[in-house]
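**Q** Below is the structure I would like to discuss, written out as structure tokens.
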Amino acid sequence: AIALAYTAGALLIHLCATLTVVLWACCIGCLCFVVARGWTRYLACIGFGILWATVYAQYQLEKRPDRHFLYQPVTAVGVVNSIPVVRTTHTQFEFRLDRLTSGTVTSDSRSNVRLRWYGDRPFLEPGQKWQLQIKLKPVRGYRNVGTHDRELMYFRNQIQATGYVYKAIPLLIGKDESENIVLSLRNRLRLKIQDASGEESALGIILALAIGERSGISAQQWKIFRMSGIGHLMAISGLHIGLASLFGCLIIRLLWRVGLLSGGRIPRPHLVSAGGLLFGFVYAALAGFPLPAVRALTMLSTYTVIGVLANRMYRPEVFLGLAMLTVGILNPIDVSSAGFWLSFVAVWVIFRAQKMYRKNYSTESHRPFGNRSARYVVRDYVFTLCVIQLALFVGLLPVQALYFGNLSLVSPIINLVYVPVFGLLVVPMILSGCFGLLFIGESIGGGLLSASGWLITWLLEPLNLLNQFSFSTLDLSASNQLLLVVGVLVVTILYVRKLRIFLIGTMTVILLAGSTLTSDLRNHEVRMRVFDIGQGLAILVQTRD
Numbered sequence: 005a006i007a008l009a010y011t012a013g014a015l016l017i018h019l020c021a022t023l024t025v026v027l028w029a030c031c032i033g034c035l036c037f038v039v040a041r042g043w044t045r046y047l048a049c050i051g052f053g054i055l056w057a058t059v060y061a062q063y064q065l066e067k068r069p070d071r072h073f074l075y076q077p078v079t080a081v082g083v084v085n086s087i088p089v090v091r092t093t094h095t096q097f098e099f100r101l102d103r104l105t106s107g108t109v110t111s112d113s114r115s116n117v118r119l120r121w122y123g124d125r126p127f128l129e130p131g132q133k134w135q136l137q138i139k140l141k142p143v144r145g146y147r148n149v150g151t152h153d154r155e156l157m158y159f160r161n162q163i164q165a166t167g168y169v170y171k172a173i174p175l176l177i178g179k180d181e182s183e184n185i186v187l188s189l190r191n192r193l194r195l196k197i198q199d200a201s202g203e204e205s206a207l208g209i210i211l212a213l214a215i216g217e218r219s220g221i222s223a224q225q226w227k228i229f230r231m232s233g234i235g236h237l238m239a240i241s242g243l244h245i246g247l248a249s250l251f252g253c254l255i256i257r258l259l260w261r262v263g264l265l266s267g268g269r270i271p272r273p274h275l276v277s278a279g280g281l282l283f284g285f286v287y288a289a290l291a292g293f294p295l296p297a298v299r300a301l302t303m304l305s306t307y308t309v310i311g312v313l314a315n316r317m318y319r320p321e322v323f324l325g326l327a328m329l330t331v332g333i334l335n336p337i338d339v340s341s342a343g344f345w346l347s348f349v350a351v352w353v354i355f356r357a358q359k360m361y362r363k364n365y366s367t368e369s370h371r372p373f374g375n376r377s378a379r380y381v382v383r384d385y386v387f388t389l390c391v392i393q394l395a396l397f398v399g400l401l402p403v404q405a406l407y408f409g410n411l412s413l414v415s416p417i418i419n420l421v422y423v424p425v426f427g428l429l430v431v432p433m434i435l436s437g438c439f440g441l442l443f444i445g446e447s448i449g450g451g452l453l454s455a456s457g458w459l460i461t462w463l464l465e466p467l468n469l470l471n472q473f474s475f476s477t478l479d480l481s482a483s484n485q486l487l488l489v490v491g492v493l494v495v496t497i498l499y500v501r502k503l504r505i506f507l508i509g510t511m512t513v514i515l516l517a518g519s520t521l522t523s524d525l526r527n528h529e530v531r532m533r534v535f536d537i538g539q540g541l542a543i544l545v546q547t548r549d
């Protein structure tokens, strides 16, 4: 409850166009309730969420380049701060500014900008320090309802401006790989994977699962992933970090059994949990610590440190709340992203579904011993997967409807097959191939990567058939999105008894939504309005939805 209250406070700043003094006064007023008890402490948590999100947002806004250096050629000195994405016409990369010069005016800047280098450009690597002539502009995004919020995405990823390299002679000042060792290692591994895999169609997916570089995945592949509901498998997130931690635990247990780690004073459960956390951390670092991986690593760290190492076992919701609070404090702007809610809602749904199944339907407690026991184990495992996939499909409906506006109707069935295959075969093969490329030999590592590429290509072939069927996805209008969200919330309220007090309010929202979302247009009717302004032409098209 405390974590949800803090998250609600952090979300409130997205309703404000500017960070004003009134907002600060509201935060200070809410913090006065800290000395009180009962429900007022949640007001304090909301106030703290507003206050900390305001401070964080203001700090990020102050890192933007000064207006004097925008919309004109300026001389910039900085460091390549990302893995460059090479296209046919340009190279895109992030550039961390150290100094900006315009005429006689020089300013020290720590902004992180995204640049494009067109035409003849050199081979860029992370850590290179350049003096470039660039042209910057603020981040802009379309304000059409239902489209991708580019400005918010850049702000969340701490990119303060965009631009391109101007026509001037660039100067390579030097290269310092020690400044970001992880980024340099990821870039070297990317080059090795590209050399070993060649021009495979699955190269983009291999890079995405190995180092978190998803720029190589084509638009057609993203369309297939979206229609089938397996786009989450292409982003290193909770599933992948959890699998890396699981394999780490298995390796530590194996080393313990053979006697290599059994001579110390550290108990085996603590050693196994620490090894799992270490493997999860290494995989997140290999991905460049993207926000989904950071969220998953925070959940894993919370459970390992408090639950195992400190031996303080609480309910799963307590660990989930602590992880949510930690992620919200580290990056309060992240609480408005779809990935934030998909991650935490998915974990909560899995806990609830697994608990309900084991309590009411599992045969594990009274499974007979002997020859029939293996059959019961397999049956329980398959039934648990089916229940979890169905629960995830229903539980994540509100988030998918609000953020994406469409639903994949075949995702439960496809995820039931593809999640275990990717988790138990594809990801281990790719990570083993990367390990082989770095420490054993290119022949072994390249062979494993080629095998994983063949397996990925074989797995994607059935999904290509989804493009021929329209029933695989359901596009939702604004009215359908609202009604679907409220409907799922009502079911949740009926399931969680402590939330039944909000049922009347939710039903009121449904009635208001149903009374206002009406249209005088019939099915298959279209109303068009043409705006002739003189300098251009705009057409507004309206349908029943």
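Counting from 1 along the sequence shown, just add 4 to a position and that's the residue number in my numbering.
Just so it is clear, CB atoms sit at the ideal spot from N, CA and C, and this is done for glycine as well.
Can you look up S3 in the DSSP assignment and give me helix, strand or coil?
**A** Because residue 3 is not part of the residues shown, which for the chain are 5 to 549, the question remains open.
**Q** With DSSP run on the structure shown, which of helix, strand or coil describes A542?
**A** As a first step, residue 542 must be located in the sequence shown, where it is residue number 538. If DSSP states are grouped into helix, strand and coil, A542 belongs with the strands.
**Q** Taking a contact to mean a Cβ-Cβ separation below 7 Å, would you say A57 touches A9 in this structure?
**A** Locating residue 57 in the sequence shown gives position 53, where the first residue counts as 1. Locating residue 9 in the sequence shown gives position 5, where the first residue counts as 1. No, the pair does not count as a contact, with Cβ atoms beyond the cut-off.
**Q** Consult DSSP for L632 and reduce its assignment to one of helix, strand or coil.
**A** This structure cannot settle anything about residue 632, because the visible part of the chain is limited to 5 through 549.
**Q** Using a Cβ-Cβ cut-off of 6 Å (strictly less than) and excluding sequence neighbours within five positions of K196, which residues of its own chain qualify?
**A** Taking the first residue of the sequence shown as position 1, residue 196 is located at position 192. Taken in chain order, the residues that qualify are L441.
**Q** Kindly identify the DSSP beta-bridge partner or partners of T79.
**A** For the purposes of this step, residue 79 is identified with residue 75 of the sequence shown, where counting begins at 1. Per DSSP, T105, Q137.
**Q** Within 10 angstroms of its Cβ, does A297 collect 16 or more other Cβ (buried), or is it exposed?
**A** Along the sequence shown, one-based indexing puts residue 297 at 293. Buried, because 16 or more other Cβ atoms sit within 10 Å of the Cβ of A297.
**Q** What's the call for Q132, buried or exposed, on a 16-neighbour Cβ count within 10 Å?
**A** Here residue 132 corresponds to residue number 128 of the sequence shown, with the count starting at 1. By the 10 Å Cβ count, Q132 comes out buried.
**Q** Tell whether a beta-carbon distance below 7 Å holds between I434 and S456.
**A** The sequence position of residue 434 within the sequence shown is 430, counting from 1. The sequence position of residue 456 within the sequence shown is 452, counting from 1. For I434 and S456, yes; Cβs fall inside 7 Å.
**Q** Taking C-beta to C-beta, are C438 and A248 nearer than 7 Å?
**A** Residue 438 sits at position 434 when you count from the first residue of the sequence shown. Residue 248 sits at position 244 when you count from the first residue of the sequence shown. Their beta carbons are not under 7 Å apart, which means C438 does not touch A248 by this criterion.
**Q** Tell me which residues share the same chain as S241 and place their Cβ nearer than 6 Å to its Cβ, disregarding the 5 neighbours each side in the sequence.
**A** Locating residue 241 in the sequence shown gives position 237, counting from the first residue. Only P296, A300 meet the Cβ criterion.
**Q** For the alpha helix (DSSP H) containing K196, name the first residue and the last one.
**A** The residue given as residue 196 occupies position 192 in the sequence shown. Its alpha helix (DSSP H) spans residues 185-201.
**Q** By Cβ distance below 6 Å, which residues in the same chain neighbour L544 in space, the five residues on each side in sequence not counted?
**A** Here residue 544 refers to the residue found at position 540 of the sequence shown. Cβ within range, chain order: R533.
**Q** DSSP three-state call for G216: helix, strand or coil?
**A** Counting from one through the sequence shown, the residue named residue 216 turns up at place 212. Three-state result, G216: coil.
**Q** Express the C-alpha separation of L324 and W121 in angstroms, rounding to a whole number.
**A** As a working note, residue 121 is residue 117 in the sequence shown. As a working note, residue 324 is residue 320 in the sequence shown. Cα to Cα, W121 sits roughly 43 Å from L324.
**Q** How far does the beta strand (DSSP E) with T558 in it extend, from its first residue to its last?
**A** Past the boundaries of the shown model lies residue 558; the chain is included only from 5 to 549, so the question cannot be answered.
**Q** Whole angstroms is fine: what's the gap from L453's alpha carbon to G246's?
**A** What you label residue 453 is simply residue 449 of the sequence shown in a count that begins at 1. What you label residue 246 is simply residue 242 of the sequence shown in a count that begins at 1. Computed Cα separation, rounded: 21 Å.
**Q** Rounded to whole angstroms, how far is the Cβ of P69 from the Cβ of Q137, which I believe are closer than 8 Å?
**A** Here residue 69 refers to the residue found at position 65 of the sequence shown. Here residue 137 refers to the residue found at position 133 of the sequence shown. No, P69 and Q137 are not in contact; Cβ-Cβ is about 15 Å, not under 8 Å.
**Q** Here's a check: name, in chain order, each residue in its chain whose Cβ is nearer than 7 Å to the Cβ of R194, leaving out the five neighbours to either side.
**A** Translated into positions along the sequence shown, residue 194 becomes position 190. Only I87, L211, I215, E217 meet the Cβ criterion.
**Q** Hey, out of P466, E529, Q539, whose CA is closest to F229's CA?
**A** Counting from one through the sequence shown, the residue named residue 229 turns up at place 225. Nearest C-alpha to F229: P466.
**Q** Kindly list the residues whose CB is nearer than 7 Å to the CB of T11, restricted to its own chain and excluding five residues on each side of it in sequence; keep chain order.
**A** The residue given as residue 11 occupies position 7 in the sequence shown. Closer than 7 Å at Cβ, skipping near neighbours: G53, M328, G332, V339.
**Q** Assuming contact is defined by CB atoms lying nearer than 7 Å, are P174 and W134 in contact in what I supplied?
**A** The residue labelled residue 174 in the question sits at position 170 within the sequence shown. The residue labelled residue 134 in the question sits at position 130 within the sequence shown. Yes. Within cutoff.
**Q** Starting from the C-beta of L74, find all residues in its chain whose C-beta is less than 8 Å away, skip the five residues before and the five after it, and write them out in chain order.
**A** Numbered from its first residue, the sequence shown carries residue 74 at position 70. Closer than 8 Å at Cβ, skipping near neighbours: L140, K141, P142, A165.
**Q** Do I209 and I460 have their C-beta atoms closer together than 7 Å?
**A** Position 205 of the sequence shown holds residue 209. Position 456 of the sequence shown holds residue 460. Yes, these two residues count as a Cβ contact at 7 Å.
**Q** Straight-line CA distance for G374 to W260?
**A** The residue you call residue 374 lines up with position 370 of the sequence shown. The residue you call residue 260 lines up with position 256 of the sequence shown. Because G374 carries a pLDDT of 48, less than 50, the predicted location of this residue cannot be relied on, and the following value inherits that uncertainty. Whole-angstrom Cα-Cα distance: 29 Å.
**Q** Quick one: what's got a C-beta closer than 8 Å to K179's C-beta in the same chain, skipping five residues either side?
**A** As a first step, residue 179 must be located in the sequence shown, where it is residue number 175. E129, G131, Q132, K133, listed in sequence order.
**Q** Hey, which unbroken runs of the alpha helix (DSSP H) at 4 residues or more fall wholly within the stretch 143-170?
**A** Entirely contained in the stretch 143-170, the alpha helix (DSSP H) runs reaching 4 residues are, in chain order, 154-160.
**Q** Buried or exposed: I185, going by 16 or more other Cβ atoms within 10 Å of its Cβ?
**A** For the purposes of this step, residue 185 is identified with residue 181 of the sequence shown, where counting begins at 1. Exposed, since its Cβ has fewer than 16 Cβ neighbours within 10 Å.
**Q** If distances are taken between C-alpha atoms only, which option among I418, R526, M360 comes closest to Q546?
**A** Within the sequence shown, residue 546 is the residue found at index 542, counting from 1. For Q546, the nearest C-alpha among the options comes from R526.
**Q** Excluding the 5 residues preceding and the 5 following R125 in the sequence, name in chain order all residues of the same chain whose CB lies nearer than 7 Å to its CB.
**A** The residue you call residue 125 lines up with position 121 of the sequence shown. Hits under 7 Å: T95.
**Q** Just to confirm, are Q154 and I337 a CB contact at a threshold of 7 Å?
**A** To locate residue 154, count along the sequence shown from 1; it is residue 150. To locate residue 337, count along the sequence shown from 1; it is residue 333. Here residue 154 is Arg; the residue named in the question, Gln, does not match the sequence. For R154 and I337, no; Cβs fall outside 7 Å.
**Q** Just verifying my parser: in three-state terms, what is the DSSP assignment at E446?
**A** As a first step, residue 446 must be located in the sequence shown, where it is residue number 442. Helix at E446.
**Q** How is T461 classed by DSSP in three states: helix, strand or coil?
**A** Counting from 1 along the sequence shown, the entry for residue 461 is found at position 457. Helix, per DSSP.
**Q** Name the DSSP beta bridge partners of T11, please?
**A** The residue labelled residue 11 in the question sits at position 7 within the sequence shown. According to DSSP, T11 bridges with nothing at all.
**Q** According to DSSP, K1 sits in a beta bridge with which residue or residues?
**A** With the chain covering only 5 through 549, there is no way to say anything about residue 1.
**Q** Hey, L488 and A405: beta-carbon distance below 7 Å or not?
**A** Taking the first residue of the sequence shown as position 1, residue 488 is located at position 484. Taking the first residue of the sequence shown as position 1, residue 405 is located at position 401. Yes, they are a contact pair.
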